[in-house]
Structure formats: structure tokens, C-alpha cells
Amino acid sequence: MTVNLLDLDLEGLTVFCERLGEKRFRAVQLFRWIHQKGARQFDDMTDLAKSLREKLKTCAKVEPLAAVSQHISSDGTIKWLFDVGGGNAIETVFIPEEDRGTLCISSQAGCAVGCRFCSTGHQGFSRNLTTGEIVAQLWFAEHFLRQRLQRDERVISNVVMMGMGEPLQNYGELVPALRVMLDDHGYGLSRRRVTVSTSGIVPMIDRLAQDCPVALAVSLHAPNDALRDTLVPLNLKYPLAQLVAACHRYLAFAPRDFITFEYCMLEGVNDTDACARQLVERIKAHPGAWCKFNLIPFNPFPASGLLRSKPERVQAFASILNDAGITTTIRKTRGDDIDAACGQLAGDVKDRTRVMLRMERNRTLRPHSLQDLTKTVTGVSA
Numbered sequence: 026m027t028v029n030l031l032d033l034d035l036e037g038l039t040v041f042c043e044r045l046g047e048k049r050f051r052a053v054q055l056f057r058w059i060h061q062k063g064a065r066q067f068d069d070m071t072d073l074a075k076s077l078r079e080k081l082k083t084c085a086k087v088e089p090l091a092a093v094s095q096h097i098s099s100d101g102t103i104k105w106l107f108d109v110g111g112g113n114a115i116e117t118v119f120i121p122e123e124d125r126g127t128l129c130i131s132s133q134a135g136c137a138v139g140c141r142f143c144s145t146g147h148q149g150f151s152r153n154l155t156t157g158e159i160v161a162q163l164w165f166a167e168h169f170l171r172q173r174l175q176r177d178e179r180v181i182s183n184v185v186m187m188g189m190g191e192p193l194q195n196y197g198e199l200v201p202a203l204r205v206m207l208d209d210h211g212y213g214l215s216r217r218r219v220t221v222s223t224s225g226i227v228p229m230i231d232r233l234a235q236d237c238p239v240a241l242a243v244s245l246h247a248p249n250d251a252l253r254d255t256l257v258p259l260n261l262k263y264p265l266a267q268l269v270a271a272c273h274r275y276l277a278f279a280p281r282d283f284i285t286f287e288y289c290m291l292e293g294v295n296d297t298d299a300c301a302r303q304l305v306e307r308i309k310a311h312p313g314a315w316c317k318f319n320l321i322p323f324n325p326f327p328a329s330g331l332l333r334s335k336p337e338r339v340q341a342f343a344s345i346l347n348d349a350g351i352t353t354t355i356r357k358t359r360g361d362d363i364d365a366a367c368g369q370l371a372g373d374v375k376d377r378t379r380v381m382l383r384m385e386r387n388r389t390l391r392p393h394s395l396q397d398l399t400k401t402v403t404g405v406s407a
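The working numbering puts the first residue of the sequence shown at 26, with every later residue one more than the last.
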């Protein structure tokens, strides 16, 4: 069976090379070629022994995802649609800022959590992504952007697992992907700059703390169980008291000394002064500055029946939290004009996927190199 080497972290690649009769340093060389240099043809890996290159051709491949569309926002945000087979697609978003480049990565095709305010959740769930499909989003974006910007140094400095899906419901494929991102022979990202976002799967938060304690963001969205039950169905299984306790346990292992709570601002639902005061009571019940809040303007879509909170209401809500000593920021909305903002990913991905995949298959074009990939996406040439 041919192995996609994007599916393997460095330890997995070392075991694979050992089975071929090769030493560990060959795995390190191969890992660097794939992730640091963006190579996928073994003949391009010139410091590998020719005998190894010939072996690899018989049993291995570096197979990225097929990018079937690209959209660039007026603010510089870029969104890609990737074909993951079976009529499914995922979306990945790059957000450029002055001091960082952040990539928002998907972990599932669709999402099974079904948060009321998230258009991705309304799409439903198709399947988990493989480690290789998770890593391939970073592989493509990093090396595509280097070519586009004509840069040799790293472009993506931060990764957030905040795209389609609930990452902790795909734990077995997620953790090796995180290790590839963190590995100095791979992308060399700091644990502080890789964030996993979760709706609150308590047992998996505890496992992540032990296995790969990157930064943690928790989708909170409500100050009490009664309201959160209606907004985040997962709360019925893991209520707020359990979730907050898990967050405190995580801090013993986390690379930061705080948890980020994401809070989507919904007009007349969770944005009142009373809700803000309930949050203060819940947070202040635990001593110390152990968390911060990120207030997210809601991105409306018809099926939700919800509205975005007015800017002045968001500011008033933030003031209550800040005045209580809880660090609170208001997320700047990015990529609205290309449906790349928070909660918008793949809201109509099924319809777009069917159309775009049909177009690509009619052209019988399947990318085989990074240059082919850059040519495949809309309006881009290498």
C-alpha cells in the first residue's frame, strides 16, 4: 500500500524509514524536504540517496489536497476550497496582519456539534479529516504564499484550529498534525502560536493537556447552562461547571497562563448586562487572571434566526468584563465579503462544491506539483 507521507509526524516517518532499512537521519531529511521546502517529487530531494528515492517511489507519495477555488477579500484575507473526495470539501482561511500571518484550519468536513449560530454546523457532518488532510492545508498555504509573495522565510506564524469541525472529535488525527506543526524540522511553530478551539469536550481537553498542550480556546457563548444548552448542544453532556474545571486543569500544562473564551455576540440573546455580570461571577469564583474573553460579532445567515449585536451593545458588554478585571477584546471581523469570517465557513459549501468539482473534473486536472496547485486556484498563476 502506498503511504501518503503527509499523514506521518516525524516519529511516524522514522518508523516508516526504519522499515525500509534506513536510519533516523534519513527521516529527518525527508521531513524537511516535505514541510520546510514544499517538495513532493522524490527526485527533487537531491541529498537523499538515489536508492532511497527509488524505494520511496514504490511505496510512498506526498499527496496534497486539490484546491478548487480561491477568494481574496478586500482586506487581504484569502479563503481556499479544498476537495477531500466523496463530494465533500473543506475551507481554509489565511488572515494577514502586520505582525503575524494566521491560518485557520479545518479538522472535519462539516461539523456534528450543531451550534445554533454557526453556518458550518447547519451544513451537517460528513467525516473526519485524516492527519494528512489537516497538515495539507498548512503545507499548501505556506508554500503557496511563499511563491506568491516571493519570500523564502516562513509566512504563517500562527495556526488556529477554528475552521470547519470540532477538532477534539477528531483527536486521533489531530494530535499527529499538531506535532508536525510544532516540530523544528517541520514548521517550527511555538506552542503559544498553535491554538485548538473546542466547544467543550471535557475528557479530550484533559487528554490534550497530557499529549500536546498547545494554546486552548473554548467556545463559551453563554454565562449559564440554561442558555448554553440552547446555543451549544454539547453543553447538555458537559455543563459549564465541568468545562470550567477542565480549563483549570489544562492550565497546569498549557503554554500560556490563560484560557481564551470565545463569545459570539447575539442580539437580545446573550449580550445583556445581566449576562455580562453572570460571566463576571462565574470567572471571579476562581482566583487569579486565568482567562480572557474574545467577543465575536455574529455573522448572520438565514437559517439561524439570530441577529448581530449592535456595536454599542458589544462595547458595553466588554466594558463590564474589563471593569471587573477580566481582559476582554472585540474581534475585528475579517473576510466578510468572501464568507471567510468566524462561523461562516462552508455555509453553502455543498452547492459550491458540486459546481466547482464538476468544473474541475470536466477539465480532468488534478494538481501534481505546487506550481500546478497555484495554477489550479482561480485567478492565480505561479
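For every residue, glycine included, the Cβ atom is placed at its ideal position computed from N, Cα and C.
For clarity, every value in this text was computed on a predicted model and none was experimentally measured.
Q) In the structure shown, what three-state DSSP assignment does L252 receive? A) Counted from its first residue, the sequence shown places residue 252 at position 227. In the structure shown, L252 sits in a helix (DSSP, three-state: H, G or I).
Q. Using the C-alpha atoms, what's the distance from I355 back to L276?
A. On the sequence shown, residue 276 is found 251 positions in, with the first residue counted as 1. On the sequence shown, residue 355 is found 330 positions in, with the first residue counted as 1. About 23 angstroms.
Q | Close beta carbons around A161, own chain, < 6 angstroms, minus the five adjacent residues each side | A | Counting from one through the sequence shown, the residue named residue 161 turns up at place 136. Answer for A161: L31, P89, L90, listed in chain order.
Q. Hey, out of V138, T117, R152, whose CA is closest to G110's CA?
A. Along the sequence shown, one-based indexing puts residue 110 at 85. Closest option to G110, Cα to Cα, is R152.
Q. Does the Cβ-Cβ distance between S182 and R232 come in under 8 angstroms?
A. In the sequence shown, counting from the first residue as 1, residue 182 sits at position 157. In the sequence shown, counting from the first residue as 1, residue 232 sits at position 207. No. Outside cutoff.
Q) Where does R333 fall in DSSP's three states? A) As a first step, residue 333 is located in the sequence shown; it is residue number 308 there, counting from the start. DSSP places R333 in strand when its eight states are reduced to three.
Q. Where does the unbroken beta strand (DSSP E) through D108 begin, and where does it stop?
A. The sequence position of residue 108 within the sequence shown is 83, counting from 1. From DSSP, the beta strand (DSSP E) with D108 extends over 103 to 110.
Q) Would you call the region 259 to 266 and the region 281 to 289 touching, i.e. three or more CB-CB distances under 8 angstroms? A) no
Q. Roughly how many whole angstroms lie between the Cα atoms of G197 and L331?
A. Your numbering for residue 197 matches position 172 in the sequence shown. Your numbering for residue 331 matches position 306 in the sequence shown. Their Cα atoms are separated by approximately 34 angstroms.
Q. Roughly how many angstroms separate the alpha carbons of P392 and L320, rounded to a whole number?
A. Here residue 392 refers to the residue found at position 367 when the sequence shown is read from its first residue. Here residue 320 refers to the residue found at position 295 when the sequence shown is read from its first residue. Summary for P392: the model assigns pLDDT 38, below 50, so the residue's position carries little reliability; its value from the coordinates is reported in the next sentence. Going from the Cα of P392 to the Cα of L320 covers about 39 angstroms.
Q) Looking at C-alpha atoms only, which residue of E158, I308, F342 is the closest neighbour of S334? A) Here residue 334 refers to the residue found at position 309 of the sequence shown. Of the candidates E158, I308, F342, the one whose C-alpha sits nearest the C-alpha of S334 is F342.
Q.
Assuming L106 and V93 are in contact, meaning their beta carbons sit under 8 angstroms apart, how far apart are those beta carbons, in whole angstroms?
A. What you label residue 106 is simply residue 81 of the sequence shown in a count that begins at 1. What you label residue 93 is simply residue 68 of the sequence shown in a count that begins at 1. Sure, about 5 angstroms apart at Cβ, within 8 angstroms.
Q. First and last residue of the alpha helix (DSSP H) that includes K75?
A. Taking the first residue of the sequence shown as 1, we reach residue 75 at position 50. Per DSSP, K75 belongs to the alpha helix (DSSP H) from 75 to 84.
Q) Which parts of the region 113 to 200 are runs of the beta strand (DSSP E), unbroken and 3 residues or longer, counting only runs that do not cross its ends? A) 113 to 121, 126 to 129, 133 to 135, 150 to 153, 183 to 186
Q: Return the first residue and the last residue of the alpha helix (DSSP H) that P438 is part of.
A: Here the chain comprises residues numbered 26 to 407, so residue 438 is not present and cannot be evaluated.
Q.
What would DSSP say about Q95, mapped onto helix, strand or coil?
A. Here residue 95 corresponds to residue number 70 of the sequence shown, with the count starting at 1. Strand, per DSSP.
Q | L241 versus S224, N249, L252, P248, residue with shortest Cα-Cα distance | A | For the purposes of this step, residue 241 is identified with residue 216 of the sequence shown, where counting begins at 1. Of the listed residues, the one whose Cα sits closest to L241 is S224.
Q: Can you have a look at H96 and say buried or exposed, based on whether 16 or more other CB atoms are within 10 angstroms of its CB?
A: Reading the sequence shown from its first residue, position 71 is the one you call residue 96. With 16 or more Cβ atoms within 10 Å of its Cβ, H96 is classed as buried.
Q: Kindly indicate which residue of F56, P336, W315 has the alpha-carbon position closest to the one of P322.
A: The sequence position of residue 322 within the sequence shown is 297, counting from 1. Closest by alpha carbon: P336.
Q.
Run through the DSSP bridge pairs and tell me what I284 is partnered with.
A. Sequence index remark: in the sequence shown, residue 284 carries index 259 (1-based). Note: I284 sits in a beta bridge opposite C316.
Q. If you draw a straight line from the C-alpha of K309 to the C-alpha of D68, how long is it?
A. As a position in the sequence shown, residue 309 is number 284, starting the count at 1. As a position in the sequence shown, residue 68 is number 43, starting the count at 1. Approximately 59 angstroms, taken between the alpha carbons.
**Q.** Where the beta strand (DSSP E) containing L265 begins and where it ends
**A.** Taking the first residue of the sequence shown as position 1, residue 265 is located at position 240. Run containing L265: none in the beta strand (DSSP E); it sits in the alpha helix (DSSP H), 265 to 275.
Q: Go ahead and label E178 buried or exposed: buried means 16 or more other beta carbons lie within 10 angstroms of its beta carbon, across all protein chains shown.
A: Indexing the sequence shown from 1 puts residue 178 at position 153. Under this definition E178 is an exposed residue.
Q.
At the level of alpha carbons, what is the spacing between C136 and T145?
A. Position 111 of the sequence shown, counting from 1, holds the residue named residue 136. Position 120 of the sequence shown, counting from 1, holds the residue named residue 145. Distance between the alpha carbons of C136 and T145: 7 angstroms.
Q. If you check the beta carbons only, do H60 and V205 fall under 8 angstroms apart?
A. In the sequence shown, residue 60 corresponds to position 35, counting from 1. In the sequence shown, residue 205 corresponds to position 180, counting from 1. In contact: H60 and V205 (Cβ atoms closer than 8 angstroms).
Q.
Can you give me the C-alpha to C-alpha distance between L163 and L259, rounded to a whole angstrom?
A. Here residue 163 refers to the residue found at position 138 of the sequence shown. Here residue 259 refers to the residue found at position 234 of the sequence shown. So the alpha carbons of these two residues sit roughly 28 angstroms apart.
(Q) I need the DSSP call for S344, collapsed to helix, strand or coil. (A) Along the sequence shown, read from residue 1 onward, the residue named residue 344 stands at position 319. Three-state result, S344: helix.
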